[in-house]
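Enquirer: This note's numbering puts the first residue of the sequence shown at 1, with every later residue one more than the last.
From the three backbone atoms N, C-alpha and C, an ideal C-beta is built for every residue, glycine too.
No experiment lies behind these values; they were computed from the predicted model shown.
Sharing a structure here in structure tokens format.
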Amino acid sequence: MTPTKAVLTERRGSVALVTLNRPEAMNACDRALLSELRETLVDLRFDPEIRVIVVTGAGEKAFCAGADLKERAGMTPLEVKRFIVTIRDTFSLLEAMGKPVIAAVNGVALGGGTELALACDIRIAASGAMLGLTETGLGIIPGAGGTQRLPRLVGKGRAKELIFTARRISAAEALDIGMVEQVVAAGELLEAAMRMAEKISENGPLAVEQAKYAINAGMETDLATGLMIESRCYDVIIPTQDRLEGLAAFREKRKPLYRGE
Ligand code: COA
1 MTPTKAVLTE RRGSVALVTL NRPEAMNACD RALLSELRET LVDLRFDPEI
51 RVIVVTGAGE KAFCAGADLK ERAGMTPLEV KRFIVTIRDT FSLLEAMGKP
101 VIAAVNGVAL GGGTELALAC DIRIAASGAM LGLTETGLGI IPGAGGTQRL
151 PRLVGKGRAK ELIFTARRIS AAEALDIGMV EQVVAAGELL EAAMRMAEKI
201 SENGPLAVEQ AKYAINAGME TDLATGLMIE SRCYDVIIPT QDRLEGLAAF
251 REKRKPLYRG E
């Protein structure tokens, strides 16, 4: 019997739906899932047909319950170290994808599950979802980017309160503090994520890629440097066919058809 894949990829036009598929373990990340996720991301990164990625979890209960704590219990300290580097690098790879990634947070997202959502560009949560960086409750710290990405998203004070208390928060509170961008009814989550993904995929993919790069790189620096980064990103766009197509479509009063060229 072929083992079940821990990460499923479904192509829906120019959108790839990536599903963490260990519902019996609340889609927790073990070594096998991480390795499949990494492979999937590399494939999608270099797939010119795919313009936007939606990440979600299988089943109705969980987006991802973080690191697989059962697997962790059998690891040596060196193996734990290796796992942490792997999960951090995998989420950084996700963040650096040259195309937008939307997290469709369908249920519990704890520890590494919240860190996965934080590494995505945009988060849409089902109204019953629960998020949290719960690691200090386990005597560890967020190690897949949580201590860095959460304060950047919600501010230092709120991030400290959440990380120090290990408190689990509702989708409504996550929306309130800017940890997710949208909350919808559970039954409408995938549709909402796909709708947003399709809207993005109608726009110039090279432009979206450069805008993502400018925002991500620019936010890590002072305004003057950020503006220089923006200027460089614009320079990449000027010689493209897509830019000319945008102008032509406007002149001809039609929808543009961007080819990413
Ligand atoms: N790693 C491995 N297995 C996990 C897991 C994790 N992080 N989270 C849940 N599971 C497993 C449970 O052990 C259980 O398996 P079992 O039936 O073989 O015992 C199964 O998933 C269902 O979980 P259960 O706890 O029975 O469901 P629940 O709805 O009562 O609670 C959670 C779900 C996610 C709230 C709860 O399991 C939990 O708090 N998990 C730990 C999450 C966490 O702290 N993650 C941070 C890791 S750094």
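1. Cutting at 8 angstroms between CB atoms, please list the residues of its own chain near A172, excluding the five before and the five after it.
2. Taking the alpha helix (DSSP H) that F164 belongs to, which residues open and close that run?
3. Classify F91 as helix, strand or coil using the three-state DSSP reduction.
4. Hey, would you say the C-beta of M26 is under 7 angstroms away from at least one heavy atom of the ligand COA?
5. Whether or not the region 47–65 and the region 15–22 are in contact is what I'm after, with contact meaning three or more pairs of Cβ atoms, one per stretch, closer than 8 angstroms; do they touch?
6. Given 7 angstroms as the limit, tell me if A65 has its C-beta closer than that to any heavy atom belonging to the ligand COA.
7. Residues in the same chain with beta-carbon distance under 7 angstroms from Q210, minus the five sequence neighbours each way, listed in chain order, please.
8. Just to check, is the beta-carbon of T76 closer than 7 angstroms to a non-hydrogen atom of the ligand COA?
9. Any chance you could list the alpha helix (DSSP H) runs of at least 4 consecutive residues sitting entirely within the region 172–255, in chain order?
10. Does the beta carbon of T138 fall short of 7 angstroms from some heavy atom of the ligand COA?
11. Quick one: is M228 buried, meaning 16 or more other Cβ sit within 10 Å of its Cβ, or exposed?
12. For the putative contact between I124 and A193, defined by C-beta atoms under 8 angstroms, what is the C-beta separation to the nearest angstrom?
13. Flag E79 as yes when its Cβ comes closer than 7 angstroms to any non-hydrogen atom of the ligand COA, and as no otherwise.
14. Which same chain residues, not among the five before or five after I177, have their C-beta less than 6 angstroms away from its C-beta?
15. Leaving out five residues before and five after R152 in sequence, what residues of the same chain have Cβ atoms less than 8 angstroms from its Cβ?
16. Would you mind sorting I141 into buried or exposed? The rule is 16 or more other CB atoms within 10 Å of its CB.
17. Is the separation between the beta-carbon of F164 and that of A109 shorter than 8 angstroms?
18. Using CA coordinates, which residue listed in E191, A129, G246, F91 is at the minimum distance from G260?
19. Does the region 34–45 come within contact of the region 94–103, defined as at least 3 CB pairs closer than 8 angstroms?
20. Considering only residues of the region 51–132, which uninterrupted alpha helix (DSSP H) runs meet the minimum length of 4 residues and lie entirely inside it, listed in chain order?
21. Quick check on DSSP: helix, strand or coil for E261?
22. Have a look at the DSSP bridge pairing and note the partners of A16.
23. Alpha carbon to alpha carbon, how far is E230 from A166? Give it in angstroms, no decimals.
24. Check whether the Cβ of D68 sits closer than 7 angstroms to any heavy atom of the ligand COA, and report yes or no.
25. Could you please give me the residues that DSSP links to I169 through a beta bridge?
26. Measuring only the C-alpha atoms, how far is R168 from E135?
27. Would you say L116 and A58 are within 8 angstroms of each other, going by their C-beta atoms?
Expert: If we stick to the structure as given:
1. Position 172 of the sequence shown holds residue 172. Excluding residues within five positions, the ones whose Cβ falls inside 8 angstroms are S127, V183.
2. Walking along the sequence shown from the start, residue 164 turns up at place 164. First-last of the alpha helix (DSSP H) with F164: 156–165.
3. In the sequence shown, counting from the first residue as 1, residue 91 sits at position 91. The three-state reading of DSSP puts F91 in helix, counting H, G and I together.
4. Sequence index remark: in the sequence shown, residue 26 carries index 26 (1-based). Yes, since a heavy atom of the ligand COA falls inside the 7 angstroms radius drawn around the Cβ of M26.
5. Enough Cβ pairs lie closer than 8 angstroms, so yes.
6. If you number the sequence shown from 1, residue 65 lands on position 65. The ligand COA has a heavy atom closer than 7 angstroms to the beta-carbon of A65.
7. For the purposes of this step, residue 210 is taken as residue 210 along the sequence shown, with counting starting at 1. If you ignore the 5 residues before and after Q210, its C-beta comes within less than 7 angstroms of the C-beta of C233, V236, I237, all in its own chain and listed in chain order.
8. Taking the first residue of the sequence shown as position 1, residue 76 is located at position 76. Every heavy atom of the ligand COA is 7 angstroms or more from the Cβ of T76, so no.
9. Complete alpha helix (DSSP H) runs here, min 4: 189–201, 205–218, 223–237, 241–251.
10. Within the sequence shown, residue 138 is the residue found at index 138, counting from 1. The displayed chain sequence assigns Leu, not Thr, to residue 138. Correct: L138 has its Cβ closer than 7 angstroms to the ligand COA.
11. One-based indexing of the sequence shown puts residue 228 at position 228. Flag for M228 reads exposed.
12. Indexing the sequence shown from 1 puts residue 124 at position 124. Indexing the sequence shown from 1 puts residue 193 at position 193. The Cβ separation is near 5 angstroms, so the contact holds.
13. For the purposes of this step, residue 79 is identified with residue 79 of the sequence shown, where counting begins at 1. No, Cβ of E79 sits at least 7 angstroms from all heavy atoms of the ligand COA.
14. Position 177 of the sequence shown, counting from 1, holds the residue named residue 177. Excluding residues within five positions, the ones whose Cβ falls inside 6 angstroms are V154, R158.
15. In the sequence shown, the residue the question calls residue 152 occupies position 152. Excluding sequence positions up to five before and after R152, its CB lies within less than 8 angstroms of the CB of M219, all in the same chain and listed in chain order.
16. Taking the first residue of the sequence shown as 1, we reach residue 141 at position 141. An exposed status is given to I141, since fewer than 16 other beta-carbon atoms sit within 10 Å of its beta-carbon.
17. As a position in the sequence shown, residue 164 is number 164, starting the count at 1. As a position in the sequence shown, residue 109 is number 109, starting the count at 1. Here F164 is not near A109, since their CB atoms are 8 angstroms or more apart.
18. Against the sequence shown, residue 260 aligns to sequence position 260. Ranked by Cα distance from G260, the options E191, A129, G246, F91 are led by G246.
19. A contact exists between the region 34–45 and the region 94–103.
20. Listed in chain order, the complete alpha helix (DSSP H) runs (minimum 4 residues) inside the region 51–132 are 69–73, 77–95, 112–119.
21. Translated into the one-based positions of the sequence shown, residue 261 becomes position 261. Correct three-state label for E261: coil.
22. Within the sequence shown, numbered from 1, the residue matching residue 16 stands at position 16. A16 pairs with R11, I53.
23. Along the sequence shown, read from residue 1 onward, the residue named residue 166 stands at position 166. Along the sequence shown, read from residue 1 onward, the residue named residue 230 stands at position 230. Whole-angstrom Cα-Cα distance: 37 angstroms.
24. The count along the sequence shown starts at 1 and reaches residue 68 at position 68. Correct: D68 has its Cβ closer than 7 angstroms to the ligand COA.
25. Locating residue 169 in the sequence shown gives position 169, counting from the first residue. In DSSP, I169 forms a bridge with L131.
26. Stepping through the sequence shown from its first residue, residue 168 is reached at position 168. Stepping through the sequence shown from its first residue, residue 135 is reached at position 135. Computed Cα separation, rounded: 11 angstroms.
27. Here residue 116 refers to the residue found at position 116 of the sequence shown. Here residue 58 refers to the residue found at position 58 of the sequence shown. No, Cβ-Cβ distance for L116 and A58 is not below 8 angstroms.
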